[in-house]
Amino acid sequence: MRNFCTALDDLNLHQLVDQPTHLHPTPTLLDLILTSETGLQYSVKVLPDPVADHQPVLLRAAAPRQRRRPTVTTARPWGRVNWDALCLSLLLADWEPLHTAGTVDEKLDAFMKNWNAAVDTHCQPVTVTSRRPSCPWLHGDAQITRAMKERDEARRAWESQRTPDSRHEYTQCRNRVKSLQTLARRSFMCDRLSTNRRDFWSRIKQFTLRPVKGVDAPSDGLSGRADAFNAHFAAVGPRIAAEAAAATRDSTTQLIAGPRPFRVCASALELRPATLPELSTAISQMSGSRAVGIDGVPLHAVKKCFPVIAPHLLHLINCSIVTRTFPDAWKTARVTPVYKAGDRADLNNFRPISILSVLSKITEKVVCIQLTSYLLEHHVLTPTQYAYRPRHSTEDALIDTVEWLARAVDNGHVASLTTIDLSKAFDSVDHGVLLEKLEWCGVASEWFRSYLRDRRQVVGSSSSTQLPLSHGVPQGSPVGPILSLIFINELSCFLPHGSILSYADDTQLLDSSPPDVTSLSHLKLRVKESICCLQMWFQANSLKMNPEKTDFTLVGTKSSIQKTGNFHISISGKTIYPSTTVKVLGVLLDQHLTWEAHISAVVRRCNAILVSLFKIRHHLNHDVLKLLVYVHVFPPYTILLVCVGRRRRLPSGQGTKSCSLCRQTRHRCPSL
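Per our numbering: the sequence shown ends with 677, consecutive numbering throughout.
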């Protein structure tokens with residue numbers, strides 16, 4: 006007993022029962038009630054009637070009711086706006102100051118003055134305090150409201166009468182309410198999927214898969230970390246540039262890496278004023294996101310009022326293009342940290358997504374359409390870059406990589422595949438170098454110079470500290486990805502050996518050689534030289550190669566892979582050995598192209614999706630569940646079937662050549 010009491014003291018536990026609970030043959034205290042609460046108000050009573058030789062124990066404790074913390078949000082009720090009245094107010098507004106203003110900033114101030122005045126009249130901000138989870142499927146349903154009243158009345162009758170009949174009546178009313186709520190939720194989810202598929206999964210997580218949290222559960226928001234996130238994201242570019250400069254000074258070999266695009270164009274791009282149809286096309290091509298910038302203008306409101314504000318908005322955008330000036334009010338981005346993977350306490354595991362002003366994104370979209378048309382028409386972008394271009398998707402990049410490897414293996418060679426990833430590529434773009442490369446590509450850089458100059462960012466609310474940005478292009482802007490492509494467009498010109506395939510900042514180096522000792526030693530030197538040349542180019546352009554995500558593998562038959570022996574390469578003092586599998590654009594490639602590793606990963610992913618659908622099966626009907634299977638389960642298999650089943654034409658005279666991987670003819674081999 007002494008040891009037991011000592012153990013309770015060590016565990017900070019208290020025993021509440023102080024009477025015997027087993028009376029025969031001798032009174033013994035066998036039933037315990039332990040608690041770690043020191044100030045608990047309780048009363049314990051041992052009942053006289055035994056149950057299975059034990060006396061029942063009755064505990065009464067005064068526990069405080071756990072209440073949900075209320076959430077206070079302030080937003081405009083756009084769903085209740087009379088759009089005709091709003092458009093009429095904008096039509097009757099005085100737009101003369103907009104057209105007579107001298108600078109772009111003054112024109113923007115005049116535009117926002119008319120817009121805010123009309124919006125404040127017809128859609129004033131409201132503050133909502135919510136103490137319960139949102140249940141939009143219950144709003145306005147008279148049948149459910151009436152059933153809930155009947156349930157509450159039956160519960161009060163049962164609590165007062167305590168008869169079997171009242172208990173049965175209450176149970177029936179409660180079950181009827183649950184059935185009606187399930188049907189209403191199912192109808193709400195199915196209608197939401199058919200009308201707005203973009204935010205369907207967020208609604209699923211919000212209303213059906215929401216985890217249960219206590220009142221003291223920590224929040225995953227930005228409370229107390231906004232300034233830390235802001236300082237971290239703003240310092241990424243200068244820090245990487247300083248590290249690249251230090252590595253360049255310490256390097257024994259210097260690479261002269263001035264602006265050198267893949268193909269220099271004689272024709273020049275001068276941004277021209279847009280037309281009203283072009284503005285309408287640009288707005289229609291933008292995503293339906295409801296995220297708003299600091300100015301609070303949503304895209305769907307601009308689309309609703311477009312017939313009225315289109316001439317004035319077009320005048321504002323064309324003035325920015327003609328004067329080559331980007332308004333200062335559009336240069337402040339509200340950054341949202343998006344979690345990637347790893348420890349949430351590490352700020353490096355978050356990606357900064359810039360939520361820009363909608364009017365700014367519309368202007369960027371107009372400019373982006375002209376810039377993209379120019380780059381594609383004059384073939385400025387290298388064909389080895391597959392990102393942010395029409396008919397150059399992730400599947401195309403993956404298929405070309407697999408075809409290159411399979412062709413090398415069919416020729417009896419050992420192919421090397423090296424994957425290179427850049428650290429914070431979007432955030433570390435040097436503005437001066439980018440503008441210089443734009444001019445080399447024949448693009449007038451005055452508007453882009455104004456676009457990149459004096460940019461700022463805030464994290465969370467607009468009231469937090471604004472920090473300047475000296476490097477990087479905004480992630481989430483229409484023109485940012487195209488500028489990043491131009492920045493790394495010349496990368497393929499500095500590859501001394503093999504081939505290169507890139508998707509944004511993900512780069513794959515490909516090379517091959519016969520499986521003999523001399524050729525493999527030359528292959529090792531070529532791979533090392535290629536990586537060193539690209540690494541020096543990265544350092545000269547203030548970019549940093551991520552050594553943790555740099556990996557390579559050797560692809561070939563089992564016999565040829567065995568001949569490679571102790572094949573390895575050294576990069577910056579780090580020795581890298583070939584991996585059995587390498588992830589390329591989300592697909593696992595193994596050394597023999599058997600696809601076993603990727604098939605296992607696809608099966609695990611599809612099983613996880615099916616398990617999630619099983620949990621919410623009661624909230625969806627059969628047709629919607631079948632549609633979700635088609636949308637979320639079948640696509641992972643599609644790219645696998647395309648890569649494995651894609652047939653390639655063999656050179657002349659090799660129509661019956663057998664595959665080096667499975668020793669089958671090309672008519673039977675799935676990889677051919």
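In this text, a Cβ means the ideal position worked out from N, Cα and C, and glycines have one as well.
In this text the structure is predicted, and so the values were computed from the model without any measurement.
Secondary structure of THR389 (DSSP, three-state): coil. In the structure shown, the three-state DSSP call for PRO342 is strand. For LYS112, the closest alpha carbon among the candidates ASP511, ALA123, TRP100 is that of TRP100. GLN462 is positioned such that its CB atom lies no closer than 9 Å to that of VAL327. LEU304 places its beta carbon 9 Å or farther from that of THR423. In the DSSP assignment, no residue is bridged to THR377.
Distance from the Cα of PRO25 is smallest, within the candidate group VAL414, GLN567, VAL49, for VAL49. Per the C-alpha coordinates, the member of CYS446, LYS370, LEU96, THR330 positioned closest to THR387 is CYS446. Distance between VAL407 and VAL587, taken at the CA atoms: about 12 Å.
In this structure, the CA atom of SER584 is about 29 Å from the CA atom of SER433. It is roughly 20 Å from the alpha-carbon of LYS366 to the alpha-carbon of HIS436.
The three-state reading of DSSP puts PRO75 in coil, since its state is none of H, G, I, E or B.
In this structure ALA57 is exposed. Its beta-carbon is surrounded by fewer than 16 other beta-carbon atoms within 10 angstroms.
Rounded to the nearest angstrom, the gap between the Cα atoms of ARG329 and VAL438 is 19 Å. Per DSSP, reduced to three states, the secondary structure at HIS597 is coil, with no helix or strand assignment. Judged by DSSP in its simplified three-state form, ARG454 adopts helix. Per DSSP, the continuous alpha helix (DSSP H) segment holding PHE311 begins and ends at 311-328. The straight-line gap separating the alpha-carbon atoms of GLN567 and HIS418 is approximately 13 Å. Residue state for PHE557 is assigned as strand, using DSSP reduced to three classes.
When secondary structure is reduced to three states using DSSP, MET550 falls in the strand class. Beta-bridge analysis with DSSP links THR586 to ASP595.
No Cβ-Cβ contact shorter than 9 Å links HIS127 with ALA80. For ASP516, the enclosing beta strand (DSSP E) has its first and last residue at 511-518. With the rule of 3 Cβ pairs closer than 8 Å, the segment 289-297 counts as touching the segment 354-372. Taking C-alpha positions only, TRP88 is separated from CYS611 by approximately 43 Å.
When the five nearest sequence neighbours on each side are left out, the beta carbons in the same chain lying within less than 8 Å of the beta carbon of LEU39 are those of LEU13, LEU18, HIS19, GLN20, LEU21, in order along the chain. Assignment of SER497 by DSSP, reduced to helix, strand and coil, places it in the helix class.
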